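Residues -17 to -1, 1 to 405 (mature numbering (1 follows the signal peptide of the UniProt record, and there is no 0)) are what the sequence shown spells out, left to right. We treat Cβ as the ideally placed atom computed from N, Cα and C, and that holds for glycine. Quantities reported herein were computed from a predicted structural model and do not represent experimental measurements.
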Amino acid sequence: MMKKRYGLALASTMVLAACNGGSSNETGGNGDVELTFWLFGTTKYEELAEVYMEENPGVIINIQEGDNTDHHNNLFTALSTGSGAPDLALVEINEIERYRSAQDRFTNLYDYGAEELSDSYLDWVWQTAENREGDFLFGLPTDIGPTAMFYRTDIFEEAGLPSDPDEVSASIQTWDDYTEMANTIYEETGRVVTDSPELIYNALRDQATEHYFNEEEELIVENNADIREAYDRTVELIENDVVGSLELWTPEWGGAMDTGDYATLLGPAWMIAVIQGNAPNAAGNWSIATMPEGAGNWGGSFVTIPAETDHPEEAYEFTKWLLSPENQLNSFVDAGLFPSAPAVYEEDEFVNHSDEYFNGLNTAAVFGEAAQQVESVYKGSNYMLVQEEILMALDNVNNNGADADAEWDAAMTRITDRLQRG
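Laid out in structure tokens, this is it:
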């Protein structure tokens, strides 16, 4: 579950049973153990919780759903005050950096035997859930967001380019290939290659082994050659007039998917549902190829157990069951959550998966391959602050014709100033 995927606000609702929103301080009236579980987004975990309660009649699971931002803010407040935290809480992959300094407010899942599960999940996802020393595990992984290149087959064909997924992957293996393709499409069709600078930059950024901070929380972005190259390549595409100016998540952005105003969309597995929802008339015109030079990850979450819980063992047993490979397969089939457990990639429902919207393509296989290319990158608690400033610089170049070098320097200054102000 990623921040953007669930941008629509969900009113806080009690899905299974009434509760006060905090951790259970006593058992139910019949001696049952009650667990409060805070969620955001559309996970369908409430359906799996019903199954678990049927199989474990001594456990009652109260699920509370809310908007992503409110969810994480409420959790942060509860942990800070030491009161009102749930027994279980979903934490988005980027948000987990925010909580690392509050390690003592979480249950270390290694204390309950989680080490035995480590081989069941992708290494990079597991490492993201650990502290820097590797001796504390904040949560078990849920879904992930490996990235690939969505593209319009009709635009590729109009430009005289291959449109078969295997041929596209073979012909666009590098970013130089991508730039050449973008120029060809613009020359032959007049269309831009992508919606805005953000997703191009993100795809390039995600291929760097370090981003904005090192593991000592030192700011390294200004002298990080890989990040500067990601910025400069994005600028090159802007200066070639092949980058659009659509703001992500707006009606105009979604409508352009349907009408074919841009040729590619570099995004994660969960973008499948976004494209299908925004572009119902474009079925058969969208397909998916591999990302040039390797995949990144955008999205995913972890189920954590705040230390305030009175029932850590029961909460851990439920978490282990909920996120087992078997149930990750169920979540993939029922809710489209892309599995972080690679054993699922060998299951029949995964191997034989096909999506008619994408001309019968096995989209699961494409993203399963991408998921195994991703590497763990340390982000740091101020990651989004730096990201915002770099994107502002690129927007100024794209929309206002600003000087790219001056915008980079200005972004670095703003980042330093904001970090110093705290």
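For residue j and residue i, the rounded distance between their alpha carbons
i, j, result
"Ala394", "Ala376", "6 Å"
"Pro322", "Trp304", "14 Å"
"Phe196", "Tyr169", "37 Å"
"Gln356", "Phe350", "10 Å"
"Asp160", "Val218", "16 Å"
"residue 477", "Thr273", "Since the displayed the chain opens at -17 and closes at 405, residue 477 lies outside it and no answer follows."
"Asp126", "Asp137", "31 Å"
"Glu48", "Ala256", "20 Å"
"Trp391", "Ala385", "10 Å"
"Arg216", "Leu187", "8 Å"
"Glu332", "Asn345", "11 Å"
"Trp236", "Arg88", "40 Å"
"Asn51", "Gly143", "43 Å"
"Met145", "Thr167", "Reading the sequence as shown, one finds Pro at residue 145 and not Met. Cα to Cα, Pro145 sits roughly 12 Å from Thr167."
"Phe301", "Ile288", "11 Å"
"Thr396", "Glu78", "25 Å"
"Glu113", "Gly250", "26 Å"
Closest by C-alpha distance to residue i, when choosing among the options
i, options, result
"Ser337", "Gly319, Glu78 and Glu48", "Gly319"
"Asp378", "Asp293, Glu230 and Ala208", "Glu230"
"Ala347", "Glu163, Val327 and Ala239", "Val327"
"Gly96", "Met254, Trp269, Asp118 and Ala61", "Asp118"
"Glu163", "Leu105, Thr60, Leu120 and Val225", "Val225"
"Gln190", "Ser307, Asn365 and Gly277", "Gly277"
"Arg81", "Ala265, Leu123, Leu100 and Phe59", "Phe59"
"Glu205", "Ser270, Phe20 and Ile373", "Ile373"
"Gly282", "Leu202, Thr111 and Ile398", "Thr111"
"Asp70", "Glu140, Ser154 and Glu296", "Glu296"
"Ala68", "Thr19, Ile271, Ser101 and Ile46", "Thr19"
"Val360", "Arg115, Glu29, Lys27 and Asp15", "Arg115"
"Thr25", "Trp253, Ser364, Met367 and Ala290", "Trp253"
"Thr247", "Ala131, Tyr340 and Ala354", "Ala131"
Cβ neighbour criterion (16 or more within 10 Å) applied to residue i
i, result
"Ser103", "buried"
"Asp400", "exposed"
"Ser63", "exposed"
"Gln370", "buried"
"Asn381", "buried"
"Gly343", "exposed"
"residue 492", "What the structure shows of the chain is the stretch from -17 to 405, and residue 492 is not part of that stretch, so it cannot be assessed."
"Glu291", "buried"
Proximity test, residue i beta-carbon vs the ligand GDP heavy atom, cut-off 8 Å
i, result
"Thr19", "Ligands in the displayed structure: none, and consequently the ligand GDP is not present."
Legend entry - Touch test, the region 252 to 261 against the region 159 to 177, Cβ-Cβ under 8 Å, three pairs minimum: Two segments are said to touch when three or more pairs of C-beta atoms, one from each, lie closer than 8 Å; by this definition the region 252 to 261 does not touch the region 159 to 177.
Inset, instruction - Decide yes or no for the touch test of the region 79 to 99 against the region 308 to 318: beta carbon pairs closer than 8 Å, at least 3 of them. - result: Look at the beta carbons and you see the region 79 to 99 not touching the region 308 to 318: under three pairs across the two are nearer than 8 Å.
Inset, instruction - Examine the Cβ distances between the region 194 to 211 and the region 141 to 150 and report whether three or more of them are shorter than 8 Å. - result: As far as the Cβ criterion goes, the region 194 to 211 does not touch the region 141 to 150, which means the pair count is below three.
Inset, instruction - Just list the alpha helix (DSSP H) runs in the region 275 to 361, keeping only unbroken ones of 4 residues or longer that don't cross its boundaries, in chain order. - result: Within the region 275 to 361, complete alpha helix (DSSP H) segments of at least 4 residues are found at 295 to 305, 308 to 318, 331 to 334 and 346 to 354, given in chain order.
Inset, instruction - For the region 17 to 86, list the beta strand (DSSP E) runs that are entirely contained and at least 3 residues long, ordered along the chain. - result: Complete beta strand (DSSP E) runs here, min 3: 42 to 49 and 71 to 75.
Legend entry - Minimum length 4: unbroken alpha helix (DSSP H) runs contained in the region 114 to 169: Annotation note: the region 114 to 169 contains the following uninterrupted alpha helix (DSSP H) runs of length 4 or greater, listed N- to C-terminal: 136 to 141 and 148 to 154.
Legend entry - Minimum length 3: unbroken beta strand (DSSP E) runs contained in the region 228 to 269: Within the region 228 to 269, the complete beta strand (DSSP E) segments of 3 residues or longer fall at 247 to 251, listed in chain order.
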